[in-house]
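Participant: Protein chains in written order, with the numbering used here: chain A, 59 to 450; chain B, 119 to 290.
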């Protein structure tokens with residue numbers, strides 16, 4: 059016998075301010091009557107809309123033909139009676155069938171168009187998804203792993219668990235976790251097809267077949283509720299313009315009693331000796347630069363607040379410093395070089411900063427590298443690791 | 119040997135998963151369609167390049183097929199479903215009771231998925247029909263899932279739909 063009713067599996071909402079009607083979840087009715095209230099709600103939204111009505115199906119995981127025909131009928135009827143209105147169906151590049159199905163409506167009625175929601179909606183996405191950044195991501199993970207392998211067990215990592223690594227990038231963290239902790243299942247999700255292709259290549263080359271790499275939008279995941287004992291999301295909340303939305307999704311897929319583990323930076327606290335002042339100035343500017351692009355690379359110490367606001371309990375926070383003394387100092391220097399190239403070479407240019415600012419900005423990175431490679435120097439990059447338990 | 123059997127013999131489809139169920143039990147709850155399609159899709163997709171998205175696509179297709187057999191509404195006999203794989207393609211063989219009077223309908227509906235008017239018929243159905251017919255379900259599979267659909271007929275009171283779904287290519 060079914061324990062979950064149809065109405066519990068999907069949500070329909072209309073936001074009159076943005077003129078957006080959203081459908082999310084699984085809609086598989088036996089008959090149109092079961093979704094009659096939602097169809098009526100849609101018709102009312104159409105009646106209330108002026109100009110453009112957005113139909114958001116980004117989080118519509120499943121919909122059967124019965125539901126599709128009912129909603130399509132409402133759209134097409136609206137076009138017949140309202141020549142003044144345009145309907146824009148917003149689908150996700152993750153859920154491929156929605157685009158395929160809804161696209162037909164624009165072939166029937168030109169007042170209906172379909173837009174595929176994609177990475178362009180994230181302000182900073184293009185910077186971090188650049189494939190030239192891949193080698194440095196590997197080096198970063200190598201350096202942080204020295205610390206995290208001892209930190210993770212305090213945040214719920216153990217053998218046999220089901221875990222998800224959200225915003226997995228090139229997948230190297232998932233590979234290291236698999237080897238060190240032997241979880242029973244690892245799902246690794248990212249929104250960069252290039253990074254995932256790299257991750258799959260590495261997995262193939264190492265004969266790894268049990269990491270489930272998947273393309274997805276971390277703020278609108280296809281993964282079902284309450285699935286994972288541990289959800290990790292590293293260095294990512296800080297580059298989303300709405301970290302609270304992402305955290306809500308991490309909470310959703312975590313099992314009650316499971317934990318969500320996040321790592322984030324506070325870039326202005328990067329440090330080095332000698333040439334401390336120049337280094338500090340540049341990293342203060344890094345924080346401002348990211349803020350300009352709606353990213354908060356100062357988020358690290360705010361982790362506790364974010365986790366508490368998202369409803370987690372038993373919150374644990376600790377910090378560690380990646381330094382030039384962690385292995386080869388050249389690795390540290392290589393990371394800073396990559397930062398200089400992206401932050402000064404691309405982001406500052408895109409913000410429209412003058413050459414003299416960019417030159418001073420670059421100098422701080424060069425001084426950080428100088429400190430890292432100096433025989434008596436010290437260079438650091440602080441990271442905050444935090445986790446919270448989803449209440450039972 | 120029938121043409122369809124010859125085609126099956128040529129290919130290298132390996133069985134992945136099979137289930138059978140009394141139709142009476144299946145028809146006792148509409149949610150069986152959703153539950154079975156979700157479970158089967160997860161099992162089958164686990165070793166695809168992108169298991170989550172492959173499973174999502176496959177579940178959609180399986181659900182439509184199961185809903186079609188549910189709507190046949192005949193409580194006697196058994197529902198059978200076997201999924202095979204050959205490279206990027208999953209083959210679904212779905213058997214369900216079908217009275218002789220309905221066989222011709224399925225023959226025609228399946229043959230329409232392969233002819234040049236399929237897309238026009240599909241758009242027309244969206245435009246005019248209040249609820250999707252069984253023919254539209256098959257057209258949906260052919261158009262939105264790039265499915266190739268055949269019918270296997272045996273002298274039993276069941277029919278078998280054979281649906282090849284090249285989803286690995288679509289997903290990736």
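All C-beta atoms, glycine included, are put in the ideal place defined by N, C-alpha and C.
1. For residue 168/B and residue 82/A, what's the separation of their Cα atoms in angstroms?
2. Does the beta-carbon of residue 159/B have 16 or more other beta-carbons within 10 angstroms, so that it is buried, or is it exposed?
3. Report yes if the C-beta distance between residue 161/B and residue 184/B is below 7 Å; otherwise report no.
4. Sorted by chain position, which residues of the same chain lie with C-beta nearer than 6 Å to residue 253/A's C-beta, five sequence neighbours on each side aside?
5. Candidates 382/A, 359/A, 384/A, 387/A: which alpha carbon is nearest residue 374/A's?
6. Go to residue 137/A, then tell me how far its beta strand (DSSP E) extends in each direction, as first and last residue.
7. Between 153/B, 171/B, 213/B, 157/B, which has its C-alpha nearest residue 141/B's C-alpha?
8. Suppose the cutoff is 7 Å on Cβ atoms and the five residues either side in sequence are ignored; what does the same chain contact list for residue 237/B look like?
9. Determine the contact status of residue 241/B and residue 170/A, defining contact as a CB-CB distance below 7 Å.
10. Could you please give me the residues that DSSP links to residue 312/A through a beta bridge?
11. State the start and end residues of the unbroken alpha helix (DSSP H) segment that holds residue 213/A.
12. Is residue 214/A buried or exposed, if buried means 16 or more other CB atoms sit within 10 Å of its CB?
13. List in chain order: all unbroken alpha helix (DSSP H) runs of 4+ residues lying wholly within the stretch 352-384 of chain A.
14. Apply the 10 Å Cβ neighbour rule to residue 154/A and answer buried if 16 or more other Cβ atoms are within range, or exposed otherwise.
15. Since I believe residue 79/A is in contact with residue 103/A (beta carbons under 8 Å), could you give me their beta-carbon distance rounded to a whole number of angstroms?
16. Which two residues bound the contiguous beta strand (DSSP E) that contains residue 299/B?
17. Measuring only the C-alpha atoms, how far is residue 106/A from residue 115/A?
18. Residue range of the beta strand (DSSP E) that residue 216/B falls in?
19. If residue 170/B and residue 245/A are in contact, beta carbons under 8 Å, what's the gap, nearest whole angstrom?
20. Can you tell me where the beta strand (DSSP E) holding residue 72/A begins and where it ends?
21. Does the structure place the stretch 121-130 of chain A close enough to the stretch 84-92 of chain A that three or more beta carbon pairs sit under 8 Å?
22. Can you tell which of 400/A, 433/A, 413/A has its C-alpha closest to the C-alpha of residue 423/A?
23. Is residue 340/A near the ligand COA - that is, is its Cβ less than 6 Å away from at least one heavy atom of it?
24. Comparing the C-beta of residue 82/A with each C-beta of chain B, is any distance below 7 Å?
25. Using the three-state DSSP reduction, which class does residue 397/A fall into: helix, strand or coil?
26. Starting from the C-beta of residue 231/B, find all residues in its chain whose C-beta is less than 7 Å away, skip the five residues before and the five after it, and write them out in chain order.
27. Does the separation of the CB atoms of residue 199/B and residue 137/B fall below 7 Å?
28. Whose C-beta lies closer than 6 Å to the C-beta of residue 120/B among residues of the same chain, with five residues either side of it excluded?
29. Between which two residues does the beta strand (DSSP E) harbouring residue 111/A extend?
30. When DSSP labels each residue in this structure, what does residue 60/A get in the three-state scheme?
31. With a 10 Å radius around its C-beta and 16 neighbouring C-beta atoms as the bar for buried, classify residue 402/A as buried or exposed.
32. Please confirm whether residue 223/A and residue 249/A have their CB atoms less than 7 Å apart.
33. Taking the beta carbon of residue 74/A as the centre, do at least 16 other beta carbons fall within 10 Å, making it buried, or is it exposed?
34. So if DSSP puts residue 268/B in a beta bridge, which residue, or which two residues, is it bridged to?
35. For residue 379/A, which residues in the same chain have their Cβ closer than 8 Å to its Cβ, ignoring the five residues on either side in sequence?
36. Tell me, which residues are paired with residue 444/A by DSSP?
Facilitator: Reading it off the structure:
1. Residue mapping note: residue 168/B aligns to position 50 of the second chain, counting from 1. Residue mapping note: residue 82/A aligns to position 24 of the first chain, counting from 1. Straight-line Cα distance between these residues: approximately 22 Å.
2. Within the second chain, residue 159/B is the residue found at index 41, counting from 1. Residue 159/B is buried by the Cβ-count criterion.
3. Position 43 of the second chain holds residue 161/B. Position 66 of the second chain holds residue 184/B. No; because the gap between Cβ atoms is not below 7 Å, this pair is not in contact.
4. On the first chain, position 195 is the one that residue 253/A refers to. Shown here for residue 253/A: same chain residues with a beta carbon closer than 6 Å to its own, the five before and five after excluded, namely 227, 228 in chain order.
5. Walking along the first chain from the start, residue 374/A turns up at place 316. Relative to the Cα of residue 374/A, the nearest Cα in the group 382/A, 359/A, 384/A, 387/A belongs to 359/A.
6. Working through the first chain from its first residue, we reach residue 137/A at position 79. Where residue 137/A is concerned, there is no enclosing beta strand (DSSP E), although the alpha helix (DSSP H) around it starts and stops at 123-139.
7. Counting from one through the second chain, the residue named residue 141/B turns up at place 23. For residue 141/B, the closest of 153/B, 171/B, 213/B, 157/B by C-alpha to C-alpha distance is 213/B.
8. Here residue 237/B corresponds to residue number 119 of the second chain, with the count starting at 1. So the list reads 261, once near-sequence residues are dropped.
9. Counted from its first residue, the second chain places residue 241/B at position 123. Counted from its first residue, the first chain places residue 170/A at position 112. In this structure, residue 170/A does not lie closer than 7 Å to residue 241/B by Cβ.
10. By one-based count along the first chain, residue 312/A stands at place 254. Per DSSP, the beta bridge partners of residue 312/A are 286/A.
11. Numbered from 1 along the first chain, position 155 holds the residue referred to as residue 213/A. Bounds of any alpha helix (DSSP H) do not take in residue 213/A, whose DSSP letter is neither H nor E.
12. Here the question's residue 214/A lines up with position 156 in the first chain. Answer is buried; the Cβ neighbour count reaches 16.
13. Counting whole runs of 4 or more residues, the stretch 352-384 of chain A contains the alpha helix (DSSP H) stretches 361-367.
14. As a first step, residue 154/A must be located in the first chain, where it is residue number 96. Buried, by the Cβ-count rule.
15. On the first chain, residue 103/A is found 45 positions in, with the first residue counted as 1. On the first chain, residue 79/A is found 21 positions in, with the first residue counted as 1. Indeed they touch by this definition, with Cβ atoms about 4 Å apart.
16. Because residue 299/B is not part of the residues shown, which for chain B are 119 to 290, the question remains open.
17. Position 48 of the first chain, counting from 1, holds the residue named residue 106/A. Position 57 of the first chain, counting from 1, holds the residue named residue 115/A. So the alpha carbons of these two residues sit roughly 19 Å apart.
18. Your numbering for residue 216/B matches position 98 in the second chain. It is not in any beta strand (DSSP E) - residue 216/B carries neither H nor E in the DSSP assignment.
19. Position 52 of the second chain, counting from 1, holds the residue named residue 170/B. Position 187 of the first chain, counting from 1, holds the residue named residue 245/A. Yes, residue 170/B and residue 245/A are in contact; Cβ-Cβ is about 7 Å, under 8 Å.
20. The residue labelled residue 72/A in the question sits at position 14 within the first chain. Its beta strand (DSSP E) spans residues 68-73.
21. A contact exists between the stretch 84-92 of chain A and the stretch 121-130 of chain A.
22. Position 365 of the first chain, counted from the start, is the residue given in the question as residue 423/A. Among 400/A, 433/A, 413/A, the Cα nearest to that of residue 423/A belongs to 400/A.
23. Although the ligand COA was asked about, the structure shown includes no ligands whatsoever.
24. Translated into positions along the first chain, residue 82/A becomes position 24. It does not; no Cβ of chain B falls within 7 Å.
25. Numbered from 1 along the first chain, position 339 holds the residue referred to as residue 397/A. The three-state reading of DSSP puts residue 397/A in helix, counting H, G and I together.
26. In the second chain, residue 231/B corresponds to position 113, counting from 1. Sequence-distant Cβ neighbours of residue 231/B in its own chain, meaning closer than 7 Å and more than five residues away, are 256, 257, 260, 267.
27. Taking the second chain and counting its residues from 1, one reaches residue 199/B at position 81. Taking the second chain and counting its residues from 1, one reaches residue 137/B at position 19. Yes, these two residues count as a Cβ contact at 7 Å.
28. Here residue 120/B refers to the residue found at position 2 when the second chain is read from its first residue. Reliability of the predicted coordinates at residue 120/B is poor, the pLDDT of 47 falling under 50, and no value is obtained from them.
29. Stepping through the first chain from its first residue, residue 111/A is reached at position 53. 110-114 is the extent of the beta strand (DSSP E) around residue 111/A.
30. The residue labelled residue 60/A in the question sits at position 2 within the first chain. Note that residue 60/A scores 45 on pLDDT, short of 50, meaning its location in the model is unreliable; the coordinates nonetheless yield the value given after this. If DSSP states are grouped into helix, strand and coil, residue 60/A belongs with coil.
31. On the first chain, residue 402/A is found 344 positions in, with the first residue counted as 1. So residue 402/A counts as buried.
32. As a working mapping, residue 223/A is identified with position 165 in the first chain. As a working mapping, residue 249/A is identified with position 191 in the first chain. Against a cut-off of 7 Å, the Cβ pair of residue 249/A and residue 223/A comes out as no contact.
33. By one-based count along the first chain, residue 74/A stands at place 16. Classification for residue 74/A: exposed.
34. Reading the second chain from its first residue, position 150 is the one you call residue 268/B. 280/B.
35. For the purposes of this step, residue 379/A is taken as the residue at position 321 of the first chain. Within the same chain, residue 379/A has close Cβ partners 438, 439, 440, 441.
36. On the first chain, position 386 is the one that residue 444/A refers to. The beta-bridge partner set that DSSP reports for residue 444/A consists of 320/A, 375/A.
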